[in-house]
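Numbering (the numbering used here), first residue to last: 57 to 229.
No residue lacks a Cβ here, since even glycine has one placed at the ideal position from N, Cα and C.
None of the values given here were measured: they were computed from a predicted structure.
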């Protein structure tokens, strides 16, 4: 049994089904069987939970437009975990999804003490180039940095992140 989940630690999870139910996350396995030519991560049921994926699946089956928003934390070298996520993104892009890919450069600066310049370098050289090598296409792709995001939200997002760096938070003990 798990006592708590927070951004700082997760105790051992013994019953994922119970935890998913508590968090309102639905089982993904029904889609693993329905999605044709899915990547290995989906075929082998490594994707275990979903929220409202039936809406995405409906768009896929009816050839309607849909979008995927995902991000990357530019904090180090590209690894298997990154590949498993981007394989899924590429799969959905090949099915017609518009992809919005955010590089969390400001978040890396605030949480990992990585300069904005270094975060941008890592984002492009370690992540984006590997994503492209794995099959991510420029068509239907919007790639942007958190600090250079959509104009309407950029000022608020940057201010909220910078303010959070000065906020004291003491988790319950």
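- Message: Here's a check: name, in chain order, each residue in its chain whose Cβ is nearer than 6 angstroms to the Cβ of residue 71, leaving out the five neighbours to either side.
- Response: By one-based count along the chain shown, residue 71 stands at place 15. Here the set comprises nothing.
- Query: Just reading off the beta strand (DSSP E) that residue 126 is part of, what are its end residues?
  - Reply: One-based indexing of the chain shown puts residue 126 at position 70. Residue 126 -> beta strand (DSSP E) spans 123-128.
- Query: Is it a yes or a no for the stretch 143-151 touching the stretch 92-112, going by three-plus beta-carbon pairs under 8 angstroms?
  - Reply: By the criterion of at least three beta-carbon pairs nearer than 8 angstroms, the stretch 143-151 is in contact with the stretch 92-112.
- Item | Distance, residue 67 Cα to residue 229 Cα | As a first step, residue 229 must be located in the chain shown, where it is residue number 173. As a first step, residue 67 must be located in the chain shown, where it is residue number 11. A caution first: residue 229 carries a pLDDT of 49, below 50, which makes its placement in the model unreliable, though a value can still be read off. Rounded to whole angstroms, residue 229 to residue 67 spans 14 angstroms at the Cα level.
- Alpha carbon of residue 116 to alpha carbon of residue 163, nearest angstrom: Numbered from 1 along the chain shown, position 60 holds the residue referred to as residue 116. Numbered from 1 along the chain shown, position 107 holds the residue referred to as residue 163. A direct Cα-to-Cα measurement between residue 116 and residue 163 gives close to 32 angstroms.
- Task: May I ask which residues mark the beginning and end of the beta strand (DSSP E) holding residue 159?
- Result: The count along the chain shown starts at 1 and reaches residue 159 at position 103. Residues 154-159.
- Message: I need the DSSP call for residue 197, collapsed to helix, strand or coil.
- Response: Sequence index remark: in the chain shown, residue 197 carries index 141 (1-based). Strand at residue 197.
- Message: Using the three-state DSSP reduction, which class does residue 83 fall into: helix, strand or coil?
- Response: For the purposes of this step, residue 83 is taken as the residue at position 27 of the chain shown. Residue 83 falls in the strand class under three-state DSSP.
- Query: Do residue 134 and residue 200 have their C-beta atoms within less than 7 angstroms of each other?
  - Reply: Here residue 134 refers to the residue found at position 78 when the chain shown is read from its first residue. Here residue 200 refers to the residue found at position 144 when the chain shown is read from its first residue. Their beta carbons are not under 7 angstroms apart, which means residue 134 does not touch residue 200 by this criterion.
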